[in-house]
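*Asks:* Please see the structure below; I have some questions.
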Amino acid sequence: MEEALVNIRGLTVEFRIPRGILRAVDNVDLDIYKGEVLGLAGESGCGKSVLAHAMLKIVDPNGYIKSGKVIFNLEGEKIDVLSLSKEALRKFRWSKAAIVFQGAMNSFNPLIRIGDHFIDTVEDHKGHVSKTSVFETASRLLKEVRLDANQVLRMFQHEMSGGMKQRSLIALSFILSPNFIILDEPTSALDVLTQKFIVKLLRDIHEKTGLTMLFITHDLAVLAEIADRIAIMYLGNIVEVADTESIFYDPKHPYTEALIKAIPSITGSLEDLRPLPGPVPDPVNPPSGCKFHPRCPKRMDICAKVKPKLVDVGGGHMVACHLYD
Ligand code: SF4
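For the sequence shown, my numbering gives the first residue as 89, with consecutive numbering after it.
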């Protein structure tokens, strides 16, 4: 049986907005296994990033974690992240679990050189350090992401292309050798070729280091190339989790099926493409029962009344749908 690095249980995150309370993550249970790349996919606004950020207790000022637990199992120790003190949390982030935020552009301080970001990050966690030793490690990491360290360490963010910034940020996230890394839409702002290059790079790093990764994207085709397993999210709920092959070739949840049918193929006919039916419901007033029922071609009477539970339908393939009750 695979060993979980992270256990998420009953996690609920809400935001106060002028129209009311928006529940972005709704009672989510999810395990992330040691050494895997778990893909997290779903339409924009389904709660993927909120869920990932909440794992490190990062929530926007108008939001709060209403309930739940996030347990990291590290070197025989169980770390309950949501109950860590501010100082313990600061130490935990980056050294045990790092995050590459969406839009590398906004992650670097435009006033300091890339090299200083490496020094600041290490000093923030370890106190005063020798600049030479940090630059040695940074150079090795920049080389791993195929950048010229001599050039990049001296640059400011505005002197680099989007792909260079993203790769520098990935290298920076490895500086303290974390056990786990969250990649939040790391390729969405990049052109297709750079996107492909970064995905291959991350796959190579994963194969070399065995680092556990959570890769968030709305683009299922990207996950086909990198993820070992995929979790599908819809309006704050995980509706399906399975190995990548099963998600693509044997999807169980009607929403996953619809997502797969909406992926364009270069060789297939455009008529085969099926856009998802209907608009995404208002998350402040979500539908009752199964939140997908207003758009679901297979809905039954029970679907609007009872929320389906996430159940194992065999071999660790989890689905939340009354078709499999
Ligand atoms: Fe469709 Fe019902 Fe399954 Fe929801 S529970 S996905 S409405 S069949």
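Don't be surprised by glycine CBs; every beta carbon is placed ideally from N, CA and C.
Can you tell which of E247, V94, T300 and R234 has its C-alpha closest to the C-alpha of K288?
*Replies:* Answer by Cα proximity: R234.
*Asks:* With distances taken from each beta carbon to the nearest heavy atom of ligand 1, which residues come in below 7 Å, in chain order?
*Replies:* My final list is H341, P342, Y343, C378, F380, H381, C384, K386, R387, M388, C391, P396, C409, H410 and L411.
*Asks:* Identify which residue in R97, S132 and L118 has its Cα closest to the Cα of H306.
*Replies:* When each option's Cα is compared against that of H306, the closest is S132.
*Asks:* What does DSSP give as the partner residues of I167 in its beta bridges?
*Replies:* Looking at the DSSP assignment, I167 forms a beta bridge with F160.
*Asks:* Take R111 as the anchor and find which of E102, R201 and I258 has the nearest alpha-carbon.
*Replies:* Ranking the options by Cα distance to R111, first place goes to E102.
*Asks:* Within 10 angstroms of the Cβ of M143, are there 16 or more other Cβ atoms? Answer buried if so, exposed if not.
*Replies:* Buried, since its Cβ has 16 or more Cβ neighbours within 10 Å.
*Asks:* Who are the Cβ neighbours of P266 in its own chain at under 8 Å, not counting the five residues just before and after it?
*Replies:* For P266, where only same-chain residues beyond five positions count, the Cβ hits under 8 Å are W182, S183, K184, A185, A186 and L299.
*Asks:* Just the C-alpha distance for M321 and G402, rounded to the nearest angstrom, thanks.
*Replies:* Roughly 20 Å separates the two Cα atoms.
*Asks:* Could you tell me the boundaries of the beta strand (DSSP E) in which Y322 lies?
*Replies:* R317 to Y322 is the span of the beta strand (DSSP E), which, as asked, contains Y322.
*Asks:* Between G164 and I120, what straight-line distance do the alpha-carbon atoms span, to the nearest angstrom?
*Replies:* Taking the straight line joining both Cα atoms gives about 16 Å.
*Asks:* Just tell me which of G250, P149, R242 and L229 has its CA closest to the CA of S58.
*Replies:* The structure shown has nothing for residue 58, since the chain only spans 89 to 413.
*Asks:* With DSSP collapsed to three states, give me the class of A330.
*Replies:* Of the three classes helix, strand and coil, the one that applies to A330 here is strand, per DSSP.
*Asks:* Mind checking T220: buried by the 16 CB within 10 Å criterion, or exposed?
*Replies:* Per the 10 Å Cβ criterion, exposed.
*Asks:* Among all the DSSP beta bridges, which residues are the ones paired with A92?
*Replies:* In the DSSP output, where bridge partners are listed per residue, A92 has Y121.
*Asks:* Quick one, are the C-beta atoms of L278 and L302 less than 8 Å apart?
*Replies:* No, the Cβ-Cβ distance between L278 and L302 is not below 8 Å.
*Asks:* Would you call the stretch 154-172 and the stretch 93-101 in contact, with 3 or more CB pairs under 8 Å?
*Replies:* The stretch 154-172 is in contact with the stretch 93-101.
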